[in-house]
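Q:
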Ligand code: SF4
Ligand code: SF4
Ligand code: SF4
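Chains as they are written, first to last, in the numbering used here: chain Y, 1 to 793; chain H, 1001 to 1174.
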C-alpha cells in the first residue's frame, strides 16, 4: 500500500483506491471503494420489505411434521383444527417458528465454524492478507454485499463475525414463547437466518482458503480418489469425520514433516474429507454422510478423529465396536471423553494405544494431529488380526434367523427398505436383493435396534455388498473454491440472456430417496445440455462415484471451468457461499451494479435475471434448511428431494393467480404481467425423473432474450418428454412470441398452441397473433422493487 | 390399533380410522368432486392397472412424480393430469384453483402409490390447511397413513396379492 501526505483540499476519492490518507496527523483508511448501499449490516427488520415481496409471490406452504407444540410448560398444545396454543400461537406461526429455529441452528453451525477457524488460524498462521489471486478482485462478495466491509486481512472478519453473532442472538430471542406471532414475520426471520448463514459460510471458507492456501478458483484443481473402495487397508488408516479441517491439516502436516505421507492413509467422510483434499491430495475421500456408519463398521479405520457437525452421535460406541480409538477435537462434540488437551503427547499416545480409555478430547488441533499419526501406527499393528466384517458362517446364520416378520425393521427404516425379503433371498443363496439395499440405505442403523432376533442388519447388508463396496472407486476434482471474476466476465451476458440456460447448483446432504446415483444423473443430464453444473458437499462427492461407458467420472469427463457444459466441485458446504458469490458477481461485473450494503437490489437482480436453480436432493440437516433459505432470499429457487417435505415449509408460486406475476419495468415504472419465472422458490420432487424437468422449468427468467428462451424451452420440453412421456402442460405460458420457439420444432409447437391452447396462430406465416401473456421486449428492465424505478430512469 | 408404516410418524392427537375397502370405495363414490392422487410406486407390481380402472370409473387422476410415464406407456391418459405433489397440495388448499378441468376444487382426495413419507406430509398439509372448503383425504395404499381421515391398514409387500384384492374391492364400490 502506498502512503500519501496531502494538504486538506478537494480530492478525487475514486482514483485513490487502497491508499492511506494522512490528514492533519490522523491516519484514516480510505473507505470509499464503492458507494455504500442502504442496508449495511442489516438488522432483523431491514430487509423485511424484500422478504415480503418474495412471500407475497412465493407463499409459505406448511406441512406440519408435528401438529403439537411442546416448547414450554404451558404445553403440550394441540394446534390442529385452527386451535391456538396457550400462548396464542397458531399452527402456521409455529411451523414458521420451527423453521426459523432450524435455520438458526444451521447458520450457527457455519458461523461458529468460521469463528473457531479464525481463532485457530490466527494462532497457527497469523493475520494473513486476503489475496485471492489475479483472477479475483471481488474477494468476498457476500461480505461486501451484506456488511459493506471489504476484508483485506483475516482479522477484518472479526467485525463480520460480531455482526453475525449479534444477529443470531436477536433472532433466537424472537423464537421465545410470547414473541413473534406472525408466520410471515417468522419467515422473514428464517430468510434473515439464511442470509446470515450464507455470510457465515463465506467467512469460514475464505479463512481456510487463505490460511491453508487452498485452491483459489482453480478450474484445473487436481483429481483425487473417492469411494469406500479407495482406501488401502494394508496401511494404517486415520479416518477423519466432520466439517472443520484444522485438525486434519495438522495430521497432513505432521505426516509430511515426518516423511510418513506414503505410509499412512488419511481418509475422510463429509466436508472435512473435501477440505482435507483441498489442502493435500495425499488424502482420500470415503464419501458422504450416508457411508459413515457402514465405513466405520467395516473396521478399516485404525484411528477415528472427529471435529464438528454431521458426526454420528454414537460414534464412540461405534468406534469401540471396532476397537479404534476416538479423538474428539472440537468442544461442540466431546462424547463424555476426558479432556487431555494439556497432557503430553507421549501420555496421550500411551492411553489410547493401551486401550485404557476408548478415546480422548484434544482441543489443540496441532497436538491432535500428532497424536493421531503416532497412535495409528501402533493401533494398526494391534488391529491387524481383527475381523470386523461378518464371516460367511455368521452371515448365513443371521439371514437364516430372519423371520421376514416385516413388523419391525421395515417400519423403523426411514426408507422403508424390504430387509426381511432380502434376508430371505440371501438365506436361499441369492445375496443380490440384500446388496441392492446398500445404496438406498442411508446408514442410520434404526433397523437393527428393533429386530427381535438381534440381527446386525447394517453388517449383514455390508457383507452382502462387499464386492460392490470394494470396487467403489470414483474420482473427484478437489474443491476449487470461488468462481473467478474473469469467468463471470465471459458468462455474464449469456447467463442473463439465457443462452447458457442456467446454473444448476447441486448441494447438501445424502438423505436421498433412492441412493446416490440420482445426483450423478441430474448433474450429467444438465452438463450434457450445457448448463453450468456446480456441486458442493455430499452432493459433490456422491456424483463422483459413477462412471460412464468410457470409464470416466463426471469430473474427468467435463472441464472444471465456470462455463456451460462444465462440472465444478466448488468445495465443502461452506463453499456454497461461492455459488451466491457467482450470482452476486454477475450483478457486480456484468451489470455494474453496486453491491456494497445493497442486498435487496442485488437479490432483485438475481431473481429476475440469473437463471440458477439449487438442488438439495438429499437435504437432511438444519444447515441444509438455512442454506436453502439463504439461497431463496437472494432470489434463487431450490428443488429438494421428497424427504425435504419434512422441513415443514415450502415456498410455492401459484401460476394461475395473475396478480402474483406483475413486476415493474424500471425504465418507466409501468407494471408488466410476466410469466411465472421462476415459478417456485422451494419445492420438493419425489423422483429424479420428476426433478429434472422441474429444475429446467425453474431456470426461466423474465429477462431471457428470444434466443435464451428458445434454449430453455427446448430443454424443458425435451426433458419432460424424456422423463415424463409428455410435453409439460404449462410450456405455452413461457412463449412470448414466435421468436421464442425453438426453430427445429416451430411448426409442431405452433400447431399445439393453436389446437390445444386456442392461441391465434397464422400457421402459414408461422406467426403468433394472440395468446402470449406479454410480448418480448429487449429493453425490459424487470424489478420487484419500487425504489429502483427512479434510480434507473 | 394400526401403526404408521414409518413407526415414528405420529403427528398429533387425531389419527386416521382404519377402514375396510368397501368403505373406502364408497367414500370415493359419495364424493361430489373426488380426485385420485398417484405416485411413482404405481409403476411397481402392475398397480397402474388399478389406477386406470379407477380412472375409467370417471375419477380424475393427478399423476405425481414420474407416474405419468406409466399412463403414457399403458395408453391411458384420458383424465390423467401431470402435476407435482407439492404443487398439487398448494393448489388444493387455494380457493383460486379451479381444478384440472377448470370447473372447481375437489372435496375428496384418495392417495395411492406415493412415497410414504412425502405422501404423509401431503396429507397432513391438507388436513390442517385445506379447510375452507374442507377437503377430506383417504388412503387406499398399502400403508396406513395416520394423517388421512380414513386409511387402509399396512399390507406387507409379500402380500401384494392381498393388496391388489383390496384395491379391487375399493374399485367395485366406487
Ligand atoms: S410455546 Fe405456545 S404453543 Fe408451544 S407449548 Fe408453549 S404455549 Fe403451547
Ligand atoms: S440402516 Fe439402512 S436399512 Fe437400516 S433402517 Fe437405516 S436406512 Fe434402513
Ligand atoms: S426385524 Fe429382524 S427378523 Fe424381522 S424382518 Fe427385519 S431382520 Fe428379519
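Virtual Cβ for every residue (Gly too), placed ideally from N, Cα, C. This one's a predicted model, so the numbers in the text were calculated from it and none came from an experiment.
Closer than 9 Å, Cβ to Cβ, to anything on chain H: give me those residues from the region 77–93 of chain Y, in chain order.
A: 78, 79, 80, 81, 82, 91, 92
Q: Tell me the start and end of each unbroken alpha helix (DSSP H) in the region 240–305 of chain Y that is at least 4 residues and wholly inside, in chain order.
A: 246–257, 271–279, 292–297
Q: Note down, in chain order, every chain Y residue with its Cβ under 7 Å from the Cβ of residue 1037 of chain H.
A: Within 7 Å Cβ-Cβ: nothing; residue 1037 of chain H doesn't reach chain Y, min ~11 Å.
Q: Looking only at its own chain, which residues have a Cβ that is under 7 Å from the Cβ of residue 7 of chain Y, when we skip the five neighbours before and after it?
A: Interpretation of residue 7 of chain Y is limited by its pLDDT of 42, a score under 50 that renders its predicted location unreliable; no figure is taken from the coordinates.
Q: In this structure, how does DSSP classify residue 760 of chain Y when only helix, strand and coil are distinguished?
A: strand
Q: Quick one: what does DSSP say residue 1017 of chain H is sitting in, helix, strand or coil?
A: Secondary structure of residue 1017 of chain H (DSSP, three-state): strand.
Q: Residues in the same chain with beta-carbon distance under 7 Å from residue 353 of chain Y, minus the five sequence neighbours each way, listed in chain order, please.
A: 375, 378, 379
Q: Thinking just about the alpha-carbon of each residue, which of Y:387, Y:515, Y:359 is nearest to the one in residue 414 of chain Y?
A: Y:515
Q: Going by the CB atoms, is the gap between residue 574 of chain Y and residue 201 of chain Y shorter than 8 Å?
A: For residue 201 of chain Y and residue 574 of chain Y, yes; Cβs fall inside 8 Å.
Q: Quick one: grab the DSSP three-state call for residue 614 of chain Y.
A: strand
Q: To be precise: take each residue of the region 648–664 of chain Y, compare its Cβ to all Cβ atoms of chain H, and keep it if any distance is under 7 Å. Which residues remain?
A: 650, 652, 654, 656, 657
Q: With 16 other CB atoms within 10 Å as the buried threshold, where does residue 770 of chain Y fall?
A: exposed
Q: Could you name the residues that DSSP lists as bridge partners for residue 697 of chain Y?
A: Residue 697 of chain Y pairs with nothing; no bridge assigned.
Q: To the nearest angstrom, how far is it from the Cα of residue 1002 of chain H to the Cα of residue 410 of chain Y?
A: Distance between the alpha carbons of residue 1002 of chain H and residue 410 of chain Y: 15 Å.
Q: Relative to the alpha-carbon of residue 457 of chain Y, which residue among Y:437, Y:484, Y:86 has its alpha-carbon at the smallest distance?
A: If you compare the alpha carbons of Y:437, Y:484, Y:86 with that of residue 457 of chain Y, the shortest gap goes to Y:437.
Q: Going residue by residue through the region 1073–1161 of chain H, where are the continuous alpha helix (DSSP H) segments of at least 4 residues, counting only ones entirely within it?
A: 1085–1093, 1116–1129
Q: Quick check: does the Cβ of residue 467 of chain Y come within less than 7 Å of any heavy atom belonging to ligand 2?
A: Not so, every heavy atom of ligand 2 lies at least 7 Å from the Cβ.
Q: To the nearest angstrom, report how far apart residue 662 of chain Y and residue 474 of chain Y are at their CA atoms.
A: 47 Å
Q: Please compile the residues from chain Y whose C-beta is within a distance smaller than 8 Å of the C-beta of residue 1157 of chain H.
A: 406, 418, 421
Q: Would you mind reading off the limits of the alpha helix (DSSP H) that contains residue 377 of chain Y?
A: DSSP places residue 377 of chain Y inside the alpha helix (DSSP H), whose first and last residues are 365–383.
Q: Quick one: does residue 689 of chain Y have its CB under 8 Å from some CB of chain H?
A: yes
Q: Any heavy atom of ligand 1 within a distance shorter than 7 Å of the CB on residue 724 of chain Y?
A: no
Q: Have a look at the DSSP bridge pairing and note the partners of residue 182 of chain Y.
A: None, per the DSSP bridge assignment.
Q: Quick check: the Cα distance between residue 27 of chain Y and residue 149 of chain Y, rounded to an integer number of angstroms?
A: Per-residue confidence for residue 27 of chain Y stands at a pLDDT of 42, beneath the threshold of 50, marking its modelled position as unreliable; the derived number appears in the next sentence. If you take the alpha carbons of residue 27 of chain Y and residue 149 of chain Y, they lie about 19 Å apart.
Q: If you follow the alpha helix (DSSP H) that residue 463 of chain Y is part of, which residue opens it and which one closes it?
A: 457–464
Q: Does the Cβ of residue 415 of chain Y lie closer than 7 Å to at least one heavy atom of ligand 2?
A: In this structure, residue 415 of chain Y has its CB closer than 7 Å to one or more heavy atoms of ligand 2.
Q: Whole angstroms are fine: how far does the CA of residue 569 of chain Y sit from the CA of residue 459 of chain Y?
A: Using only the alpha carbons, I get a separation of about 32 Å.
Q: How would you list, in chain order, the residues of chain Y whose beta-carbon sits under 7 Å from the beta-carbon of residue 1003 of chain H?
A: 411
Q: Does the beta carbon of residue 1065 of chain H sit closer than 8 Å to a beta carbon anywhere in chain Y?
A: yes
Q: Taking Cβ positions only, does residue 645 of chain Y come closer than 8 Å to chain H?
A: yes
Q: Near residue 1032 of chain H, what residues of its chain come up, given a Cβ to Cβ distance below 7 Å and the 5 sequence neighbours on each side ignored?
A: Correct list, in chain order: 1107.
Q: Determine the direct distance from the alpha carbon of residue 418 of chain Y to that of residue 1157 of chain H, and round the result to whole angstroms.
A: 8 Å
Q: Along the chain, which unbroken stretches of the alpha helix (DSSP H) at least 4 residues long are found entirely within the region 1006–1074 of chain H?
A: 1021–1030, 1047–1056, 1068–1074
Q: Would you list the residues sitting across from residue 620 of chain Y in a DSSP beta bridge?
A: Beta-bridge partners of residue 620 of chain Y (DSSP): none assigned.
Q: Any C-beta of chain H within less than 7 Å: which residues of the region 665–679 of chain Y qualify?
A: Residues of the region 665–679 of chain Y with a Cβ closer than 7 Å to any Cβ of chain H: none.
Q: Please identify, using Cβ separations under 8 Å, the residues of the region 1006–1024 of chain H that lie next to chain Y, in order along the chain.
A: 1006, 1007, 1011, 1012, 1013, 1014
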